[in-house]
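Positions 1394 to 1675 (the working numbering) are the ones given, in order, by the sequence shown.
Written out below as structure tokens is the structure these notes cover.
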Amino acid sequence: METFFSFLERRVDDCSSLLCIGLDPHLADLDSPTAEAALDFSLRIVRETSTYASAFKPNAAFFEFFGAEGWTALKQLIEAIGEESKKLGSMIPVILDAKRGDIASTAEAYAKSTFEHLGADAITLNPYLGKDSIDPFLGYPEKGAFLLCKTSNPGAKDFQDLSLTPTPLPEGEGQRVRALYEHVAHLAQSWNTANNIGLVVGATQPEALAKVRAAAPDLWFLAPGVGAQGGDLETALKAGLRKDGKGMLINVSRSIARAESPKRAAAELRDEIANIKREIGY
């Protein structure tokens, strides 16, 4: 059975892109405050940028805001991305940005909703409750789970930067104090037995990004923060790329959605990522 990340890598190769395009229909960007307008806004971005997208990431909150109609619009959006993929001849993964995290029985319901009813290919999860809270999602080996590790918001330091008591590291690395987010990265690396776990690591803090890459050398990162949040693209790529020149999805939302031409903005970002990779030796 194909795993989520083998599916993702095939798409990355097909489009020569590490650009993940966020679909966040803010009310201020809509023609009217309706679920239909949110869907139309998102579909326009999908149709203009699909050639350059390694993945699309709809944010569930901006659809849930509209109640049942918003949930229907979200499902229709995911289905439309599938149809657009078929036109291109290359399936584009859909990562649902929902940041779920709950006890196992509740997580089972969330997993079923995300993967079976909505038809998303991956989801963002909060691992704070421990492995049993993400196991129901990992029970779908062809689907992906991106665990929140080092997020790009200012308040991330309140918990994620907390220092842990020195713990044994892999042989040859000795012991040292490490941050909670590094511990999450180490755990995720060890849990990734089915090649379906990735990490959310913000591009706004390159030093942390490099530490997470050291802790999880094999995992894919979903890296928000380039563009509106001020993350530097070149610095982030240098810190976070794997040795094979992959392993990062650069997530951009507002800088593309609010551009005069989302298509041109996506193309320029895709090309900028490729140029930086060449310059640093990938």
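All C-beta atoms in this analysis are idealised placements derived from N, C-alpha and C, irrespective of residue type, glycine included.
All values reported here derive from a predicted model rather than from experimental measurement.
query: Would the beta-carbon of Pro1529 be found less than 7 Å away from any heavy atom of the ligand FMN?
result: In terms of ligand content, the structure shown is empty, and the ligand FMN therefore cannot be addressed.
query: Should the region 1579–1599 be regarded as contacting the region 1540–1547, the criterion being three or more beta carbon pairs within less than 8 Å?
result: Verdict: yes, contact present.
query: Who are the Cβ neighbours of Leu1531 in its own chain at under 8 Å, not counting the five residues just before and after it?
result: Counting only Cβ-Cβ distances below 8 Å, and skipping sequence neighbours, we find Ala1538, Trp1584, Ala1587, Asn1589, Ile1590.
- prompt: With C-beta atoms as the reference, is Thr1442 less than 8 Å away from Ile1414?
  reply: Yes, Cβ-Cβ distance for Thr1442 and Ile1414 is below 8 Å.
- prompt: Secondary structure at Leu1612, three-state DSSP: helix, strand or coil?
  reply: The answer is coil: DSSP assigns Leu1612 none of H, G, I, E or B.
- request: Going by CA-CA distance only, name the one from Ser1410, Lys1505, Leu1511, Ser1483 that's closest to Pro1451.
  value: Checking every option, the nearest Cα to that of Pro1451 belongs to Leu1511.
- request: Work out the CA separation of Asp1424 and Ala1430 for me, nearest whole Å.
  value: Here the alpha carbons of Asp1424 and Ala1430 stand approximately 6 Å from one another.
query: Is Leu1592 closer than 8 Å to Ala1578 when the C-beta atoms are compared?
result: The answer is yes: Cβ separation under 8 Å.
query: Per the contact definition of three or more C-beta pairs closer than 8 Å, is the region 1497–1507 in contact with the region 1465–1477?
result: No, because fewer than three Cβ pairs between the region 1465–1477 and the region 1497–1507 fall closer than 8 Å, the two stretches do not touch.
query: Would the beta-carbon of Asn1437 fall within 8 Å of that of Glu1477?
result: It should be pointed out that residue 1437 corresponds to Arg in this sequence rather than to Asn. The Cβ-Cβ distance between Arg1437 and Glu1477 does not fall below 8 Å.
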